[in-house]
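Protein chains in written order, with the numbering used here: chain U, 74 to 273; chain A, 190 to 586; chain R, 358 to 747. Positions of the beta carbon are idealized from the N, C-alpha and C atoms, including for glycine. Remember, predicted model here, so these are calculated numbers, not experimental data.
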């Protein structure tokens, strides 16, 4: 009997306690981000779209070997021994002509494993995530281009062992920086708090 | 009705020469049409309010894009539903399938006939108003069972059976509680019940025989929520279990009709509760009743009904769902005994001359309780806003 | 491709269908089955007479894939098994291969791994408890918990660049060191979490009488049944047995931290009910928070080390096999890795998935319940179909 009344009272009381919490939540900070007017500031290490600087590629194929889903297709031939020696940005001589360098982004699992073995750090992941297409074939990126300007002088002093997750913003293709809105985020790669949501 | 006819004659002088039956018909039809139109447009507002309130309670914004602050979202949804193909699954009983939403809607709209929006703003002042409300409120059950059966779908059948059991069970405590205002006022007419609560907040039936009437109000409100299939009693349409319960197979306009019926029923239950317990169209203080002779009763009743609807929505987003046997337990073993005890207690108190008009502390309790409740709500709101300011400041730091 | 599990396959003949009973299919597409799970229910009205789960709708041949990529390349695949808690998966695999190679990571790396694993445990339990509340009908706590999960995912994104599938725990180390300011941000998150989210969750959901009535006394799992069906993790602890790999066989430096192992106490009904399992998960969230605080203290006191120090250039273990287990948020996750000594690919990677074993007890518990309780039961076992089907 006592149990019965206790149950009824507890049922009533816990309902009121719950109602108090939801009433308070009516007036607390809302966490919605109004995309596309406000965009989340991605940290620089974000693993989104892959990019590869063709002028620095030595054609070793390490990235293709490291990829667990085999989304990188490379075709390289040995360069003519009499041709002008060309160099990558970190001073390594390029001995192979890379005729095909395709990355199928629809297969890519964004694991970042391809960026670590690259000797010249020419392949890296950028924070660019708005690259949806309506046609699946457009997700196959062709990075090998004809008429690329290679370095013919060995830039010995310009040894840049860039960390794999440092996207040089000008080099990224169509990397539109986060548009308008008021992102108060610290976009600096080093330090600070994690990016806070815009529109706080 | 005389009032309506008189008003019509004033507005349209040419009607003076019309035969009596024309006047009577117009006097009945015009308010009914007005009422149905207004009430049918109500769900657009209520669905918007529900989605916004749900959003805000869940730390998100809710609809925002369609129209200013998302106000046209429901309109867009309604238009979409109208244009959607009304699918008739194979094997459905076509007649019942189409008839079910209609009956549910009829059951939702009929009680409006007796709800008094003002001392003359009532479609029909039946002198058995309360009895009429009880009778027509259970009409929607038939529609729900029809929907469940006609859908040729096991899930829908489950939903239909559950809802039949639920609505019928919760009618009983509701009707028991309905007896109490009738006993206190001595009349079944809703207009008389409202008239007995004139004079301000302290004479509302909610605060008579404190604490007995508040308990009665809570029971009636709970039973009313169960009638509308609102969480925690929404087992007939339990989304996470039965996909959509009795209206799984409905799409397009029929689904829109079920949706409309649910929100209309919510408004009806809230309006009837406000009429019975919260003073109907009377303002909390007589001074606020009219502005320069223009009666605000209609606005007061709507405001009270909307507040009760807000509480229903508030409860929906706070509480989990009761299982069907627990639902039955609550109806038959908790609400019904308490309501029977209340009926007997209030009846006995009415017989004793000393307490014929309520307990001695009744007139003061009303204002005290109201101020306490609103004060608590405002205090929590202020607390939450302060926390929000502090949070924003911390983030920026 | 669906395979049927459950006892008594012989006594379920299609011919002797009784007309009183209804066969209801909670099909692969259902709002509450936590993934693509099909449950065949034989019900008598609302009461379930028999239940048979059908799995395999999400089978993606993980174990076969693992044979065709090299050891570090398996890690993105392990992430995708239990996609709600992927730090735990990659940690288990990394520990297994490290055992095979005989690598011992530095305390700095172990501390980072513990922080990530515990943050992931909180995030995973947020999903578990939140979706459980949603199945029961309380929609709001789900969104509050997901808001906090998003904050955790922001921390992960800041550290390694990904929000859900990290490829973080490598063989011999971790992929990225913690960024500057991580400790401060993590502490701020935990402060808010401990002060606001957990108490609100307790008040809004766990303490709610309706929730208690729906879950206490439902799906009671006796301890001996749990042991015989090899349940682990919160499912076992909910039945009262305090078995936790982090305490019993500490790995990855867990013995440096002090934390309690919550068990179901049966305060609202018999021990081992759905309520107890859920309760264990909620308390585990608070305990994980304690562990992270201690780990952050350790980090502040120690110096930064190179997280790639022990990562081998090429993972080519000698011929051998190893079974290594860890405490994933859903139970004991075991990896059986066989190396044949030739080549850079594993010969065989077999995963013992905790959700698979949890699902195996479902048909026993489901007898005699009501349909609404079936939903409560699945949610309380906290199954993720990605891990069951691999």
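Which same chain residues end up closer than 8 Å to residue i when comparing Cβ atoms and leaving out the 5 residues on each side of it in sequence?
{"i": "residue 193 (chain U)", "result": "129, 130, 131, 161, 162, 163 and 165"}
{"i": "residue 420 (chain R)", "result": "705, 706, 707, 708 and 747"}
{"i": "residue 127 (chain U)", "result": "171, 174, 195, 216, 217, 218 and 221"}
{"i": "residue 382 (chain R)", "result": "395, 396, 397 and 398"}
{"i": "residue 277 (chain A)", "result": "283 and 286"}
Who are the neighbours of residue i on chain R, taking C-beta pairs under 7 Å?
{"i": "residue 87 (chain U)", "result": "564, 565 and 566"}
{"i": "residue 147 (chain U)", "result": "Ordered by position in chain R, no residue passes the 7 Å Cβ test against residue 147 (chain U), which lies about 17 Å from the chain."}
{"i": "residue 111 (chain U)", "result": "Under the 7 Å cutoff, chain R gives no residues; its nearest Cβ is about 15 Å from residue 111 (chain U)."}
{"i": "residue 134 (chain U)", "result": "Near residue 134 (chain U) there are no residues of chain R at all, since even the closest Cβ is about 14 Å away, more than 7 Å."}
Excluding the 5 residues flanking residue i on each side, which residues of the same chain have their C-beta closer than 7 Å to its C-beta?
{"i": "residue 517 (chain R)", "result": "523, 525, 532 and 533"}
{"i": "residue 251 (chain A)", "result": "240, 241, 243, 244, 245 and 259"}
{"i": "residue 435 (chain R)", "result": "446, 447 and 450"}
{"i": "residue 671 (chain R)", "result": "701"}
{"i": "residue 652 (chain R)", "result": "468, 471, 472 and 614"}
{"i": "residue 228 (chain U)", "result": "160, 162 and 164"}
Would residue i be called buried (16 or more neighbouring beta carbons within 10 Å of its own) or exposed?
{"i": "residue 581 (chain R)", "result": "exposed"}
{"i": "residue 143 (chain U)", "result": "exposed"}
{"i": "residue 465 (chain R)", "result": "buried"}
{"i": "residue 85 (chain U)", "result": "exposed"}
{"i": "residue 455 (chain R)", "result": "buried"}
{"i": "residue 565 (chain R)", "result": "buried"}
{"i": "residue 239 (chain U)", "result": "Interpretation of residue 239 (chain U) is limited by its pLDDT of 42, a score under 50 that renders its predicted location unreliable; no figure is taken from the coordinates."}
{"i": "residue 279 (chain A)", "result": "exposed"}
{"i": "residue 487 (chain A)", "result": "exposed"}
{"i": "residue 529 (chain R)", "result": "buried"}
{"i": "residue 210 (chain U)", "result": "exposed"}
{"i": "residue 76 (chain U)", "result": "exposed"}
{"i": "residue 305 (chain A)", "result": "buried"}
{"i": "residue 423 (chain A)", "result": "buried"}
{"i": "residue 418 (chain R)", "result": "exposed"}
Applying a beta-carbon distance threshold of less than 9 Å, which residues of chain A neighbour residue i?
{"i": "residue 720 (chain R)", "result": "What residue 720 (chain R) touches in chain A: nothing, since even the nearest Cβ is about 19 Å away."}
{"i": "residue 114 (chain U)", "result": "Correct list: empty, because the minimum Cβ distance to chain A is about 13 Å."}
Using the DSSP secondary-structure output, state which residues sit across from residue i in a beta bridge.
{"i": "residue 146 (chain U)", "result": "U:175"}
{"i": "residue 708 (chain R)", "result": "R:692"}
{"i": "residue 678 (chain R)", "result": "R:695"}
{"i": "residue 410 (chain R)", "result": "R:396"}
{"i": "residue 215 (chain U)", "result": "U:175"}
Mind listing the chain U neighbours of residue i? Cutoff is C-beta to C-beta under 7 Å, in chain order.
{"i": "residue 519 (chain R)", "result": "120 and 183"}
{"i": "residue 576 (chain A)", "result": "101"}
Just to confirm my understanding: we take residue i, look at its own chain, exclude 5 residues before and 5 after, and list those with CB closer than 6 Å. What are they?
{"i": "residue 309 (chain A)", "result": "192"}
{"i": "residue 730 (chain R)", "result": "575"}
{"i": "residue 579 (chain A)", "result": "none"}
{"i": "residue 452 (chain A)", "result": "232 and 235"}
{"i": "residue 736 (chain R)", "result": "489 and 492"}
Output, in chain order, the set of chain U residues within a Cβ distance shorter than 9 Å of residue i.
{"i": "residue 560 (chain R)", "result": "87, 90, 91, 93 and 94"}
In chain U, which residues lie with their C-beta within 8 Å of the C-beta of residue i?
{"i": "residue 255 (chain A)", "result": "Here the premise fails: no neighbours, minimum Cβ distance about 14 Å."}
Under 8 Å Cβ-Cβ, which residues of chain A neighbour residue i?
{"i": "residue 99 (chain U)", "result": "242, 245, 246, 570 and 573"}
Heavy atom of the ligand ATP less than 7 Å from the Cβ of residue i, yes or no?
{"i": "residue 695 (chain R)", "result": "Summarising the ligand content, the structure contains no ligands, and the ligand ATP is consequently not present."}
Interface residues of chain A around residue i at Cβ under 7 Å?
{"i": "residue 403 (chain R)", "result": "513"}
Next on the checklist: Which residues of the segment 564-578 of chain R have a Cβ closer than 8 Å to any Cβ of chain A? Give them in chain order.
Outcome noted: Cβ contacts with chain A: 565, 567, 568, 570 and 571.
Next on the checklist: If the cut-off is 8 Å on Cβ atoms, which residues from the segment 507-539 of chain A count as contacting chain R, listed in chain order?
Outcome noted: So the list reads 507, 508, 509, 510, 511, 512, 513, 514 and 515, given in the order they occur along the chain.
Checklist entry - Name the residues in the segment 407-429 of chain R whose C-beta lies less than 7 Å from a C-beta of chain A; which are they? => result Residues passing the 7 Å Cβ filter: none.
Item to check | Where the segment 404-423 of chain A meets chain U: residues whose CB sits under 9 Å from a CB there | outcome: Cβ contacts with chain U: 407 and 421.
Checklist entry - For the segment 556-570 of chain A, which residues have a beta carbon sitting closer than 7 Å to at least one beta carbon of chain U? => result If the cut-off is 7 Å between Cβ atoms, the segment 556-570 of chain A has 566, 569 and 570 near chain U.
Next on the checklist: Using a Cβ-Cβ cutoff of 8 Å, what residues of the segment 234-252 of chain A are near chain R? List them in chain order.
Outcome noted: Residues 243, 246, 247, 248 and 249.
Item to check | Selection of the segment 338-353 of chain A by Cβ proximity to chain R, strictly under 7 Å | outcome: Of all residues in the segment 338-353 of chain A, 343 have a Cβ within less than 7 Å of some Cβ in chain R.
Next on the checklist: Along the segment 182-203 of chain U, where does the CB come closer than 9 Å to a CB of chain R? Name the residues.
Outcome noted: Listed in sequence order: 182, 183, 184, 185, 186, 189, 198 and 200.
Next on the checklist: So if I threshold CB-CB distances at 9 Å, which residues from the segment 528-544 of chain R count as touching chain U?
Outcome noted: Residues passing the 9 Å Cβ filter: 532, 533, 536, 537, 538, 539, 541 and 542.
Item to check | Contacting positions in the segment 491-520 of chain R - beta carbon closer than 8 Å to chain U | outcome: For the segment 491-520 of chain R, the residues whose beta carbon sits under 8 Å from a beta carbon of chain U are, in order, 497, 501, 504, 507, 511, 512, 514, 515, 516, 517, 518 and 519.
Checklist entry - Name the residues in the segment 433-455 of chain R whose C-beta lies less than 9 Å from a C-beta of chain U; which are they? => result Residues 433, 434, 436 and 437.
Item to check | Members of the segment 486-505 of chain A that neighbour chain U once the beta carbon cut-off is set at 9 Å | outcome: Flagged, chain order: 500, 503 and 504.
Checklist entry - Of the residues that make up the segment 714-746 of chain R, which ones have a beta carbon closer than 8 Å to any beta carbon in chain A? => result For the segment 714-746 of chain R, the residues whose beta carbon sits under 8 Å from a beta carbon of chain A are, in order, 727, 728, 729, 730 and 732.
Item to check | the segment 157-170 of chain U: positions lying closer than 9 Å to chain R by Cβ | outcome: Those would be none; no residue qualifies.
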